[in-house]
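To start, the structure under review is shown below, and the notes come after it.
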Amino acid sequence: MQLVLEKRAERSNTIALISPLIAIGLTILTMVILFAILGKNPLLALHAYFIAPLTDSYSLQEIAVKATPLVMIAIGLSLCYLANAWNIGAEGQFLIGAVAGSWIAVKTQGTDAGVWVLPVMLVLAAAAGALYALIPAICKVKFGASEILTSLMLVYVADLFLDYLVRGPWRDPHGFNFPTTAEFDPVATVPLLIEGGRLHLGSIIALLVVAAVAILLGRTIKGFEIRVVGAAPRAARFGGFNSNQLIILTFAVSGALAGVAGIIEVAGPIGHLQPGISPGYGFTAIIVAFLGRLNPLGILIAGLFLALTFIGGEQAQIAMKIPLDVTKVFQGILLFYVLACDSLILYRFKLVFPNRQVARGAG
Amino acid sequence: MRKSLLALAAGLLLAGSVSAASAADKLKVGFIYLGPIGDLGWTYQHDLARQALVKELGDKIETTYLENVPEGPDAERAIEQLVRAGNKLIFTTSFGYMDPTLKVAKKYPNVHFEHSTGYKRDKNMSTYSAKWYQGRYIQGLIAAKMSKSGVLGYIGSFPIPEVVSGINATILAAQTINPNIKVKIIWANTWFDPGKEADAAKALIDQGADVIMQHTDSPAAMQIASERGKLAFGQDSEMIKFGPTTQLTSILDTWGPYYIARVKAELDGTWKSEDTWGGLDSHMFAMAPYTNMPDDVKKLAEDAQAAITAGKLHPFKCPVVGQDSKPVECKGGANLDDGQILGMNFYVKGIDDKLPGK
Numbered sequence: 010m011q012l013v014l015e016k017r018a019e020r021s022n023t024i025a026l027i028s029p030l031i032a033i034g035l036t037i038l039t040m041v042i043l044f045a046i047l048g049k050n051p052l053l054a055l056h057a058y059f060i061a062p063l064t065d066s067y068s069l070q071e072i073a074v075k076a077t078p079l080v081m082i083a084i085g086l087s088l089c090y091l092a093n094a095w096n097i098g099a100e101g102q103f104l105i106g107a108v109a110g111s112w113i114a115v116k117t118q119g120t121d122a123g124v125w126v127l128p129v130m131l132v133l134a135a136a137a138g139a140l141y142a143l144i145p146a147i148c149k150v151k152f153g154a155s156e157i158l159t160s161l162m163l164v165y166v167a168d169l170f171l172d173y174l175v176r177g178p179w180r181d182p183h184g185f186n187f188p189t190t191a192e193f194d195p196v197a198t199v200p201l202l203i204e205g206g207r208l209h210l211g212s213i214i215a216l217l218v219v220a221a222v223a224i225l226l227g228r229t230i231k232g233f234e235i236r237v238v239g240a241a242p243r244a245a246r247f248g249g250f251n252s253n254q255l256i257i258l259t260f261a262v263s264g265a266l267a268g269v270a271g272i273i274e275v276a277g278p279i280g281h282l283q284p285g286i287s288p289g290y291g292f293t294a295i296i297v298a299f300l301g302r303l304n305p306l307g308i309l310i311a312g313l314f315l316a317l318t319f320i321g322g323e324q325a326q327i328a329m330k331i332p333l334d335v336t337k338v339f340q341g342i343l344l345f346y347v348l349a350c351d352s353l354i355l356y357r358f359k360l361v362f363p364n365r366q367v368a369r370g371a372g
Numbered sequence: 011m012r013k014s015l016l017a018l019a020a021g022l023l024l025a026g027s028v029s030a031a032s033a034a035d036k037l038k039v040g041f042i043y044l045g046p047i048g049d050l051g052w053t054y055q056h057d058l059a060r061q062a063l064v065k066e067l068g069d070k071i072e073t074t075y076l077e078n079v080p081e082g083p084d085a086e087r088a089i090e091q092l093v094r095a096g097n098k099l100i101f102t103t104s105f106g107y108m109d110p111t112l113k114v115a116k117k118y119p120n121v122h123f124e125h126s127t128g129y130k131r132d133k134n135m136s137t138y139s140a141k142w143y144q145g146r147y148i149q150g151l152i153a154a155k156m157s158k159s160g161v162l163g164y165i166g167s168f169p170i171p172e173v174v175s176g177i178n179a180t181i182l183a184a185q186t187i188n189p190n191i192k193v194k195i196i197w198a199n200t201w202f203d204p205g206k207e208a209d210a211a212k213a214l215i216d217q218g219a220d221v222i223m224q225h226t227d228s229p230a231a232m233q234i235a236s237e238r239g240k241l242a243f244g245q246d247s248e249m250i251k252f253g254p255t256t257q258l259t260s261i262l263d264t265w266g267p268y269y270i271a272r273v274k275a276e277l278d279g280t281w282k283s284e285d286t287w288g289g290l291d292s293h294m295f296a297m298a299p300y301t302n303m304p305d306d307v308k309k310l311a312e313d314a315q316a317a318i319t320a321g322k323l324h325p326f327k328c329p330v331v332g333q334d335s336k337p338v339e340c341k342g343g344a345n346l347d348d349g350q351i352l353g354m355n356f357y358v359k360g361i362d363d364k365l366p367g368k
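Sequences listed follow chains A and B, in order.
With the first letter of the first sequence counted as 1, position 153 gets the number 162 in this note's numbering; the numbers rise by one all the way through.
With the first letter of the second sequence counted as 1, position 131 gets the number 141 in this note's numbering; the numbers rise by one all the way through.
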């Protein structure tokens with residue numbers, strides 16, 4: 010008797026719907042076992058991870074703050090991925106957006122520049138992110154260069170460019186040589202929404218982006234085009250859709266969104282430009298995009314869920330002395346189960362009994 | 011069955027809250043770490059000090075740490091999480107936590123903060139650091155004696171004054187032995203990245219350096235020097251097991267006595283915001299045993315250590331000559347004053363390199 014994976018005749022919509030739930034269930038089960046092995050009370054540990062952060066407004070705000078860049082970048086990436094354009098360099102577009110926006114903040118520092126500063130920063134960040142994303146897109150369309158490689162490599166270029174700026178021309182003259190700009194002026198800072206918390210306007214912008222893309226994909230011809238080009242390239246060609254044009258468009262939009270996420274992070278929670286402004290948001294957002302099944306609402310939920318594991322992981326470290334590594338194991342296990350369960354959408358398990366006749370004939 | 015499970019769950023939750031209540035009597039002390047506690051360098055030493063603290067005052071305090079906290083937007087949240095978990099004294103142990111610590115300190119005036127290696131303070135935020143340049147001076151003497159090629163390899167982290175003053179102290183000491191000593195400097199632009207640190211060590215050795223010194227936190231450079239049969243200095247912690255025939259000595263961060271003193275002050279209600287910058291005399295750091303060197307070099311090092319500890323020898327004794335061949339203004343009488351060292355932003359003469367950003 011043998012257990013084999015067999016391709017389904019067509020994709021199972023039921024499984025597609027419940028597979029994330031199965032994955033979360035299996036993750037929790039695995040974590041319970043892991044906690045028990047570590048000698049921690051599994052119920053209390055799960056409580057610290059998933060329930061405690063949801064019970065007070067401070068943690069809820071922090072979840073939103075953490076999820077904001079993830080969701081914003083992942084939404085842009087989902088457009089690319091739906092159109093079969095593989096933008097892996099959102100991290101770089103995030104950094105370039107942050108740099109471009111910070112330029113205004115640094116140049117207007119200490120002047121009596123008015124409320125126009127922040128809006129201009131946002132627009133510049135979007136433009137810079139989009140332009141930066143267009144480099145791999147144009148290389149792909151014109152020369153057939155792999156956008157996966159070029160967009161990824163441009164991340165390091167952006168990283169070093171930012172590094173150069175904060176070490177050289179933009180360095181805080183009173184910062185003892187440490188690589189950082191001075192703190193941004195209030196007009197160059199993203200306003201907070203709740204007194205005493207860190208929730209900022211960026212979270213609202215992220216929600217607007219989610220809504221806008223949901224409408225784009227669900228209600229417009231362009232959205233339809235994106236989905237058709239990705240799902241059925243041949244059909245799209247017959248339909249007269251220009252896939253090259255879509256690669257350019259989706260890359261530009263995702264670059265712009267990553268750029269805006271970058272400047273919001275810098276002008277929001279951080280307050281100045283420095284190296285290491287992103288703990289890998291551009292890459293984590295790829296996970297968020299797929300965890301959310303490239304669906305705007307799904308991405309919103311996935312982003313919040315991933316943020317919850319970060320905040321919960323910290324609270325578990327504090328409350329139960331559970332090492333940080335366990336949080337990372339936890340995130341890894343979750344992704345593993347999601348991918349594993351997703352294979353059940355197109356495949357199914359089947360028990361195969363060896364054919365005795367053949368066996369005898371061979372023997 | 012179901013009922014008993016629920017009862018069990020309730021019991022467990024109750025047990026949790028009871029233990030929380032008994033812990034409330036103890037002073038809660040929090041720590042924010044830059045690396046993993048197993049980095050065998052910077053963070054490892056801070057955690058050793060935390061363990062010493064627990065050993066000394068464990069019946070009166072409860073400690074909590076968050077490790078691997080990046081110096082970006084996550085730091086402020088991590089610090090605030092510790093405050094919200096009831097910690098009353100919080101040590102943030104890296105330069106990059108300076109602004110986040112200050113922000114949280116302003117928000118919670120009744121909580122006390124201790125920030126390591128920074129320069130911003132508040133009425134509830136102290137700073138503490140060590141005069142590592144004293145140890146670097148001793149290393150410079152040893153390096154010049156032990157180097158056959160006359161070329162030292164230096165792995166820098168960030169060109170901040172703490173690191174720059176270390177490089178200068180090393181070279182000033184080395185020049186007293188060998189006036190033509192050369193130093194090659196590579197900036198790793200990180201505090202902890204074993205891969206980058208190893209690459210830097212390889213590049214330095216390829217450029218002729220035969221003594222490797224580092225201001226980054228992992229033992230990677232020590233391992234490379236060991237593989238290539240060169241000599242090296244450890245950093246932050248004892249790294250001799252990564253190079254038993256390689257390590258000359260190592261600057262050991264010994265935060266334990268300071269942490270114990272500060273927590274005692276907090277327990278007594280005498281804690282106040284201060285700036286502590288201790289050297290060999292106040293045991294803010296120590297030198298690992300002098301190994302893999304002849305007795306005369308060992309004696310030279312020990313004598314220098316004794317002289318620095320006694321205040322008879324100052325690494326930045328005037329005149330200190332800059333790269334432009336002009337002596338630097340001598341604000342401290344016989345030597346540069348603390349402010350000049352804390353803000354050091356120049357290379358001394360003899361360093362054939364340009365300070366980044368200059």
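Even glycine gets a Cβ: it sits at the ideal position worked out from N, Cα and C.
Since we're looking at a predicted model, the values are computed, not measured.
9 Å Cβ cutoff, residue i in contact with chain B
i, result
"S287 (chain A)", "yes"
"D194 (chain A)", "no"
"V74 (chain A)", "yes"
"E19 (chain A)", "no"
"R176 (chain A)", "yes"
"F185 (chain A)", "yes"
"E100 (chain A)", "no"
"A328 (chain A)", "yes"
From the options, residue whose alpha carbon lies closest to that of residue i
i, options, result
"K1 (chain B)", "B:G163, B:F243, B:G128, B:K38", "In the structure displayed, chain B extends from 11 to 368; residue 1 (chain B) sits before or after that span and is not available."
"G140 (chain B)", "B:K116, B:A242, B:E312, B:S292", "Note on residue identity: the sequence assigns Ala, not Gly, to residue 140 (chain B). The shortest Cα separation from A140 (chain B) among B:K116, B:A242, B:E312, B:S292 belongs to B:S292."
"V39 (chain B)", "B:A95, B:N355, B:F105", "B:A95"
"P385 (chain B)", "B:I165, B:N134, B:G289", "Because chain B in this structure spans residues 11 to 368, residue 385 (chain B) falls outside the shown range and cannot be described."
"I230 (chain A)", "A:P62, A:N251, A:R243", "A:N251"
"K359 (chain B)", "B:T186, B:S157, B:K65", "B:T186"
"A215 (chain A)", "A:E156, A:P178, A:F362, A:I273", "A:I273"
"L313 (chain A)", "A:I296, A:L140, A:M329", "A:I296"
"F319 (chain A)", "A:A94, A:L127, A:Y58", "A:Y58"
"F187 (chain A)", "B:M156, B:L92, B:E237, B:G106", "B:G106"
Within-9 Å CB hit, residue i to chain A
i, result
"L352 (chain B)", "yes"
"D291 (chain B)", "no"
"V64 (chain B)", "no"
"Y75 (chain B)", "yes"
"V330 (chain B)", "no"
"G94 (chain B)", "Before going further, note that residue 94 (chain B) is Arg rather than Gly in the sequence given. At least one chain A Cβ lies under 9 Å of R94 (chain B)."
"R146 (chain B)", "no"
"A88 (chain B)", "yes"
Contacts around residue i, its chain only, beta-carbon distance under 8 Å, and the 5 residues preceding and following it disregarded
i, result
"D246 (chain B)", "G51, W52, Y54, Q55, D227, S260, I261, L262, D263"
"T36 (chain A)", "F339, I342, L343, Y346"
Cβ-based burial, residue i [other Cβ within 10 Å; buried from 16]
i, result
"L26 (chain A)", "exposed"
"G301 (chain A)", "buried"
"K192 (chain B)", "buried"
"L86 (chain A)", "buried"
"T442 (chain B)", "Given a span of 11 to 368 for chain B in the structure shown, any question on residue 442 (chain B) remains unanswerable."
"S66 (chain A)", "exposed"
"P305 (chain A)", "buried"
"E124 (chain B)", "buried"
Sequence-distant residues of the same chain with beta carbon closer than 6 Å to residue i, five excluded per side
i, result
"A45 (chain A)", "P51"
"A314 (chain B)", "I148, L151"
"W95 (chain A)", "E156, I157"
Own chain, CB closer than 7 Å to residue i, minus 5 neighbours either side, in chain order
i, result
"E15 (chain A)", "Y356, R357, K359"
"Y90 (chain A)", "A298, L303"
"T319 (chain B)", "L290, D291"
"G353 (chain B)", "P171"
DSSP bridge partner residues for residue i (one or two, in chain order)
i, result
"L131 (chain A)", "DSSP lists no partner for L131 (chain A)."
"M297 (chain B)", "B:I261"
"K194 (chain B)", "B:G163"
"G106 (chain A)", "Beta-bridge pairing links G106 (chain A) to no other residue."
"N96 (chain A)", "Answer is none; N96 (chain A) lacks a bridge partner."
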